[in-house]
Every structure is written in C-alpha cells, then in structure tokens.
Amino acid sequence: MLTDTTKDAIRASYTRLKDGLPGFRARASQGKMIAEVAKALAQEGGAAVIEAPTGTGKSMAYLIAGVEVARAQKKKLLIATATVALQEQLVQRDIPLYLKLNGTEAKVALAKGRGRYLCPRNLAMASNSLSETSQMGLGFDADLALWTKPPQERDKKALSKLVDLFDRHEWDGDIDSAPEPISDVLRPMITTSAGGCTSRKCAHFMQCPFFAARRAVGDADIIVANQDLVLADLTMPREEDGFGGVILPKPDETLYIFDEGHHVPSKAIDRGAAEVYMSTATRQLSRLGRQIHAAYSLTDKEVIGKLSLDAGDQKLQELSNSLEELEREIRLSWLPSPDDQEPMYRGSLGQLPEAWVEHARALYVFTGEVERWIGAVRRAVLEMTETGPTHEALSRELGMALERIDRQVRTWRAWSATDGDNTPPLARWVTLSNDQQLICHASSVSAGGLLRSILWGNASAVVMTSATLSAGGNFRGFADAVGLPDDSITLSLPSPFDLATQARLEVPAMRSLPDAREEHTQEICDWLADNLDWNAGNLVLFTSRMKLDRVLQKLPIEHVRKVRAQGSLGKAQLVAEHIVDVEAGKGSTLFGLASFGEGLDLPGKLCETVVITQLPFAVPTDPVGATYAEWLESRGRNPFIEVTVPEATRLLTQYCGRLIRTETDRGRIVLLDRRVVLKRYGERMLRALPPFTRVIEKVA
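Written as structure tokens, this is what we have:
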C-alpha cells in the first residue's frame, strides 16, 4: 500500500530532481511513470509493464519511485539490466546523481556472475604456465589444460599487465573494466564457473573479486545486476524452501526493476535450455573415471557416496554404453540429406521417436545416479583437512564435471518428460556438427510458465520497462511471453519528442521483395549508392550476415571505404571510429545486424539516416519458435499473426529508435522492404510505429 508519507517523499524527491538538474524540463511521461512504478512496487505481489520511449527519463523515474518505496518497506531495490553499458551507466552516473540531488546515502552494489570476474587462482596458474614447458599436470589428462593453442605475444603481455595491476590493487578484477583487452583465448583461463570454484577452500578466497562483490551485495540497499544472474538466482532452490535468494537477496524481500525488459523472455528460455554433445560426453566420461580414481586414492576411502570404486566404475560404464546406444539408434533412424548445410531433426510438437525416448529415460536414471555420486566424491575431497594444489585442482575438475553431468540430466529429463495438455510442449531436436558429431537439444518454447513460478508468484513486486515492449500499444504478445499476471498494470507512454516534425519514414519504390535475394540485394546497393549522403553519419541495418556481405561486395569501392561493418572490429571500436570521422566531417556509415539495432546511441549528426534493409522477421527454421508455432496452430491459433508479426513490429520500432535520441535531432528512416505496403500485416506494422511523417513512394 502506498502511504501518504511515501507519496510525499516521492514528490519531494522529484522536486529536488527538477530543481537540481540544469535545464530540466518536466515531462508528463516521466511523471506518469513515477506514479505507476510506485503504485506497483508498493503493493505486495504488484506487477507492472511500462513501455517508456527514448527521452522519457525512465531510469530516474524508477529510481525516484523505487528507492522511496524500498526504504519505506525496508526492502532491497534490485535493478536488472541486459547490457553491461546500462549497468555501468546506473552505477557510475544515474544512481550517484539521484543520491546527490536528494542529499541522501545508500549502499550500492554491482552484481554479476562469476564469469565476469577474475579468478585469482586461475590468473596465477595462467601466469605460471608461461614459464612452464608442460600443462598443469595431475597425471590424468586434466580437463583444465591451460593454453588451447600456443599463446600469442599480445596474450602474454596482457596477462603480465593484469597480474601486475591486480597485485598492486589498481584493478578490482571486474572483467568488463579490465585495463587490458582480454582475448577469447585468455578469458576462460582467468575466469571460472560455479563448478570450478572451491569457495572458502581456495587459498585466494579473501582476495577473490567475485566474493568481494557478493559481500557488497549482502550489505547493499540498491543492487544493479545483469538479467542472467537474476534469473539464475531465481531458479536456484533454497535449502529451506522455495527458489531464489541464494546469490541475491530473497525474492520476497526484494523489489525488482527489469530495465531493457524486452530481453527477459529469451533469457528465461535460455536458462532452461540444455544440450549434449554425444561423442564428447562419452570421451569426458573416460577422463572422469581417471579423476574419480585419483579422488579415491587421495581421500584413502574405499566407499564414497555408498559406492565402492568398482561399483562407481560400473555406473560410469553403464552411462557410457547407454550414450553409445542412443547415438547408434539416432544414426540408424535419421539420415540427414547431404545437401543440408545445417542438418537438423526436430520432433514435431516436441515429440521424438519412442525408441529415442526409451533410451533417454534410461539415461536420465544413469546420469542422476552418477551426478549424486560425483557430488559425494567432490565433497569428500573438499572436506579433507590436509589440502594442497592437487586437492584444489581435483575438486575444481570434479566441479566442472558436475556441471557437464547436470546438462545431461536436464537434457534427458526433458527428452523423457511428458508434456502437459494445456501448456506448450518442450522443443526437442538433434543437430549434426561440422565434425559430424550428434548434438541432442531440449528447450522450453515459452518463458511464461517458468516466470509465473519463479518471479511473479515469488517476488515482493516486479516492474518491467523498456522502450519497446508492445506492438503499437498492444501488450498481448509480451504478456504471454513473460506469463504476466492478469491484474498487472500495462502502460505505453507517449514519446516526449515531436517525432512527426523531427523524423521522416520513407518507403522507396523498390521493385523487388526480400525473397528475390539477388534482385533485392542489387536494389539495396543501387539505393544506397544513389540516395545515401555518404558524407554524413548513417546506420544501415541488415537481418542476415550473408546479405550484408553481398551488399559490400556490390557497392562501389568509394562507398565501401566509408563503411564500418559489424564484425570487422569490436563494436565499441567501430562506433568510436565512426564518431571520430563524422565529427571530422569525413562521413561514416555503420553496417550492422540485430545487435546494432538495439542500444546504439548516436545523437545528432552521428546518425542522420537509418536504413532498414528488410523487416526483422524471426528465422523460420529456429526449432524453439517452430515448435511453439506448431502448438499454436494445433489449438486453432495463427502464430504468424500472434507472435511473428508483433515481435517483428517491436524490433522494427526498436530499430527506428536509433534515429531520434534528443529533442534537437532530425533525420529520416528508410525502409527498403515494400511488404509494409503490399501485405495486409504491413499496414498493421506501419500503424504501430511512432508517428513519423510518412513518405511512401509509388512504383511507376
């Protein structure tokens, strides 16, 4: 319940914001958002979804409401974002500014997963390996071989610098703010996963950046975390009861704000996905056997987890045999076409051949037994009073083995489970890798059921916000995707900008549609060459890497020289070079895929034209989306109209949002896809877009 005292505190905080910020302009959308966030957070089990376009000032809005409600209720305020950039903006700029303007103090903590922090033990091992002629040797072919290939000079220099700065306390171990670029080869060597961490048993525990961050989270009033970590915590069972509160504060003691909330459905689905590389899994069991033998020898125990070493070996052999039997069954009954570039067998409505399911049931039993046994063996190693490097390395390897076995458990459980009558089935499929290895997959197709159980019915209150959550104000698609409770607040705020004056949406008279690949690609090239101002700042967005590359091949060389294409350099470096050239008057054009359509902030002359080469429809071969579509069709529903078009509309709106970033920006959005004019769904998509001035050319 929102008390009068809390309302007064929120009003006073907003007044201090208006008085303290130079050039502040009151925005009706921001005021409305403050009120609705406060209302939702103050109600036990409250839920709200708020679409707040660029310029609303949403981060300050939810801080003003959230901090005061959390303080009144003596609860934690947790802000979950999808990108590191927004986390840093909140921790380094927005929250300190809010606290300064209000003359108040609060403990603030940034929470991220283990993989985003340095592991001091692994850093030391990696550094030591440079002076050693062999890999870390436990005598049984360690999974943790350090260098996957001979280290390059840049990796050696980076490693040396990281060691020096961390030892001198000039770097806190946050990988995202590392003082030296960390390559894809080096990063896994100096970070760790939960299974690879020995926690308090580690000699480096007191200086571990991850556990330092964990301690800060425990003391914090405001926590900024990434959505992956929040969802991971919410799916962890507590020892006493319920879920969540293992890494982060307990859900019923926390007010959640999910910024960039449009990412939540896909991230929640990813949490439940699992896969098994069949040949690799069999090879790893052989190595695991040697590690288990080392553990029995080290602990000097004849029985661990109620199994003797011989009995345990038998369990591993049964599991290995069963994996080989399933692989043989799949290869005999599925013969991929030699013409398939990405061979896949997908179970229609998630249903696999019964023979495969029978093998999966056996594998589920075997992997569950092995998982419990390995857990007992690892505990036995960790609980030894006399420890050393060998004990620590062995417990680490066993922990990583447990993570791999857990993926198997989840996959075989999903393959052998029976789907509910009134809920979407799990997606179950098999792919063949380039080296002809079979990979068995399973995934939920909707996050709704999971989020209903771990979030909406578990948290004290939840608000989700983003610039694009609806399809023209219709929240049905997003509500279904996140399992939103029926009594939740849904609100689409108007843009604070005069979009009809500031921006123009053009649909040129293209003669070909995207399904005519070569013709459409040529028309894109012709339009860009003839109509784009190459001396200005531009952004051109593609839905496929193939078309992006093909356009680059066909463009005149004088234009190609002014293009910065995604993938040629890191995103941050591409954008930095783009800014330098535009500000120098040279002109620069960014070519990008979906990730460039979200999150890029290029105000003013840095981006005066956004070109969208085609409507961003989901890839139809995606097994998760295809299974969900089949289920909708089986219930007499139209997945294209209910899911595909609304999601493409949301993405299109997001892409259009790259243009107008401030009240003084001017520019045009060019859509090179005539389907918005020719198809029935196109009219609906155009209506859902912001009120830009429309210029739709007629084909002669």
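Heads up, the sequence shown is in UniProt numbering, so the first residue is 1 and it goes up one at a time.
Glycine included, C-beta positions come from ideal geometry on N, C-alpha and C.
With 16 other Cβ atoms within 10 Å as the buried cut-off, status of residue i
i	result
Leu569	exposed
residue 706	Nothing can be reported for residue 706, as the shown portion of the chain is limited to 1 through 700.
Glu44	exposed
Gly139	Residue confidence is low: Gly139 scores 39 on pLDDT, short of 50, so the model does not pin down where it sits. No coordinate-derived value is stated.
Glu523	buried
Arg396	buried
Leu332	exposed
Val643	buried
Ala70	buried
Ile557	exposed
Leu335	exposed
Asp498	exposed
His263	buried
Leu541	buried
Phe24	exposed
Asp241	exposed
Asp515	exposed
Gln511	Reading off the sequence, residue 511 comes out as Arg, not Gln. So Arg511 ends up on the exposed side.
Endpoints, beta strand (DSSP E) assigned at residue i
i	result
Met464	Ala461 to Ser466
Val632	Correcting the residue identity first, residue 632 is Leu in this sequence and not Val. No beta strand (DSSP E) holds Leu632; the alpha helix (DSSP H) holding it covers Pro623 to Ser634.
Met510	No beta strand (DSSP E) contains Met510, which DSSP labels as neither H nor E.
Tyr345	Met344 to Arg346
Val264	Per DSSP, Val264 belongs to no beta strand (DSSP E); it is in the alpha helix (DSSP H), Val264 to Gly272.
Thr613	No beta strand (DSSP E) holds Thr613; DSSP gives it neither H nor E.
Leu349	Looking at the DSSP string, Leu349 is not in any beta strand (DSSP E), and its letter there is neither H nor E.
Glu51	Gly46 to Glu51
Segment limits, alpha helix (DSSP H) that includes residue i
i	result
Cys607	Careful: Cys607 lies outside any alpha helix (DSSP H) and carries neither H nor E.
Cys440	Here Cys440 belongs to no alpha helix (DSSP H); instead the beta strand (DSSP E) covers Leu438 to Ser443.
Glu397	Pro389 to Ser416
Thr501	Leu499 to Gln502
Ala61	Lys58 to Gln73
Ala225	Looking at the DSSP string, Ala225 is not in any alpha helix (DSSP H); the run it does join, the beta strand (DSSP E), is Ile222 to Asn226.
Gly218	Pro209 to Asp219
Trp356	Glu354 to Leu382
Thr83	No alpha helix (DSSP H) holds Thr83; DSSP gives it neither H nor E.
Arg687	Arg680 to Ala688
Gly31	Ala28 to Ala42
Thr653	Val645 to Cys656
Ser193	Counting along the chain, Ser193 falls outside any alpha helix (DSSP H), and DSSP gives it neither H nor E.
Leu101	Ile95 to Leu101
Glu170	Careful: Glu170 lies outside any alpha helix (DSSP H) and carries neither H nor E.
Val670	That residue, Val670, is in no alpha helix (DSSP H); its beta strand (DSSP E) goes Gly667 to Leu671.
Ile557	Ile557 to Val560
One or two residues paired with residue i in a DSSP bridge
i	result
residue 701	Because residue 701 is not part of the residues shown, which for the chain are 1 to 700, the question remains open.
Ser308	Val303
Ala471	Asn474
Glu577	Its beta-bridge partners do not exist; DSSP assigns none.
Phe243	Pro237
Reduced DSSP category for residue i - H, G, I as helix; E, B as strand; rest coil
i	result
Cys525	helix
Phe596	helix
Ser127	helix
Thr235	coil
Ser446	coil
Phe542	coil
Ser297	helix
residue 713	Nothing can be reported for residue 713, as the shown portion of the chain is limited to 1 through 700.
Gly23	coil
Glu205	Note on identity: in this sequence residue 205 is Phe, with Glu being the wrong assignment. Three-state DSSP puts Phe205 in a helix.
Met136	Residue placement at Met136 is poorly supported in this model, since its pLDDT is 40, which falls under 50; the coordinates still yield a value, given next. Met136 falls in the coil class under three-state DSSP.
Ser322	helix
Ser199	helix
Leu186	coil
Ala158	helix
Ala481	helix
residue 716	Nothing can be reported for residue 716: it is not among the residues displayed for the chain, which extend from 1 to 700.
Review point. How do the region 227-235 and the region 414-427 stand: do at least 3 beta-carbon pairs fall below 8 Å, yes or no?
Key: With the cut-off at 8 Å, the region 227-235 and the region 414-427 do not touch.
Exercise for review: State whether the region 467-479 contacts the region 37-48, with contact taken as three or more CB pairs (one from each stretch) at a distance under 8 Å.
Suggested key: Counting Cβ pairs under 8 Å, fewer than three are found: no touch.
Check your understanding: Per the contact definition of three or more C-beta pairs closer than 8 Å, is the region 430-446 in contact with the region 278-295?
Key -> They touch, by the three-pair rule.
Practice item. Mind the definition here: the region 281-296 touches the region 391-405 only if three or more C-beta pairs lie below 8 Å; say whether that holds. Key: With the rule of 3 Cβ pairs closer than 8 Å, the region 281-296 counts as touching the region 391-405.
Check your understanding: Can you find at least 3 beta carbon pairs, one from the region 589-601 and one from the region 643-654, that sit closer than 8 Å?
Key -> The answer is yes - the region 643-654 touches the region 589-601, with three or more Cβ pairs under 8 Å.
Check your understanding: Below 8 Å, can you find three or more Cβ-Cβ pairs linking the region 531-539 to the region 83-91?
Key -> In the pairwise beta carbon analysis, the region 531-539 is classified as not touching the region 83-91: fewer than three pairs are separated by under 8 Å.
Review point. Quick one: any contact between the region 241-256 and the region 118-130, if contact means 3 or more CB pairs under 8 Å?
Key: Too few Cβ pairs lie closer than 8 Å, so no.
Review point. Would you say the region 448-464 touches the region 350-366, given that touching needs at least three Cβ pairs under 8 Å?
Key: With a cut-off of 8 Å, the region 350-366 and the region 448-464 do not count as touching, because too few Cβ pairs lie within range.
Practice item. Determine contact between the region 669-687 and the region 621-636, defined as no fewer than three beta-carbon pairs at a distance below 8 Å. Key: Touching, no.
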